[in-house]
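Residue 0 is where the sequence shown starts when you use numbering that gives the first Met the number 0, and the numbers rise one by one after that.
Here is the structure we will look at.
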Amino acid sequence: MTTTVQVRLHWLLDGSSNHLPNDQRFSLPARFDHQDEKDWLNDGWSLVIKVTEASDAQAYQTGEANFLLPDAPHMWLSEGKKFTLMEGSRSVAIGEVEKVTSP
Numbered sequence: 000m001t002t003t004v005q006v007r008l009h010w011l012l013d014g015s016s017n018h019l020p021n022d023q024r025f026s027l028p029a030r031f032d033h034q035d036e037k038d039w040l041n042d043g044w045s046l047v048i049k050v051t052e053a054s055d056a057q058a059y060q061t062g063e064a065n066f067l068l069p070d071a072p073h074m075w076l077s078e079g080k081k082f083t084l085m086e087g088s089r090s091v092a093i094g095e096v097e098k099v100t101s102p
């Protein structure tokens with residue numbers, strides 16, 4: 000069964016580059032806080048995120064998230080868990096699970 004959660008994202012910006020999504024739904028690999036550099040490369044999972052509002056002036060945005068694959072470790076999506084969205088080796092957003100909305 001797929002777990003869906005409410006997340007709060009903080010987009011990381013550098014210079015004039017802006018990594019805020021243009022679409023309402025996107026998927027990126029996520030490195031969870033309990034994973035080290037090597038562990039996340041060997042046991043990485045992608046999150047599908049549907050943003051529910053535009054980002055604010057401080058680059059925060061809320062949305063709904065779930066794992067891309069059904070056999071993912073859904074227990075990682077519990078309240079207070081933190082993760083980093085990645086594009087290759089580059090961190091693009093820091094996220095936190097605010098609430099579990101479906102089991």
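In this text, a Cβ means the ideal position worked out from N, Cα and C, and glycines have one as well.
Because the structure is a prediction, the values reported are computed rather than measured.
- At least 7 Å separates the beta-carbon of Q23 from that of K98.
- For L84, no alpha helix (DSSP H) run applies; the uninterrupted beta strand (DSSP E) run containing it begins and ends at 81–86, by DSSP.
- Contact annotation: T83 and I93 have beta-carbon atoms nearer than 7 Å.
- DSSP, read as helix, strand or coil, puts E36 in helix.
- Looking at the DSSP output, P28 bridges to S45.
- Residue environment analysis places A64 among the buried positions, since at least 16 neighbouring C-beta atoms fall within 10 angstroms of its C-beta.
- G62 counts as buried, since no fewer than 16 other beta carbons sit within 10 angstroms of its beta carbon.
- Taking C-beta atoms as the reference points, P28 and M85 count as a pair closer than 7 Å.
- With a 10 Å radius around the Cβ and a threshold of 16 neighbouring Cβ atoms, Q60 comes out buried.
- Note that the C-beta distance between S77 and L11 is not below 7 Å.
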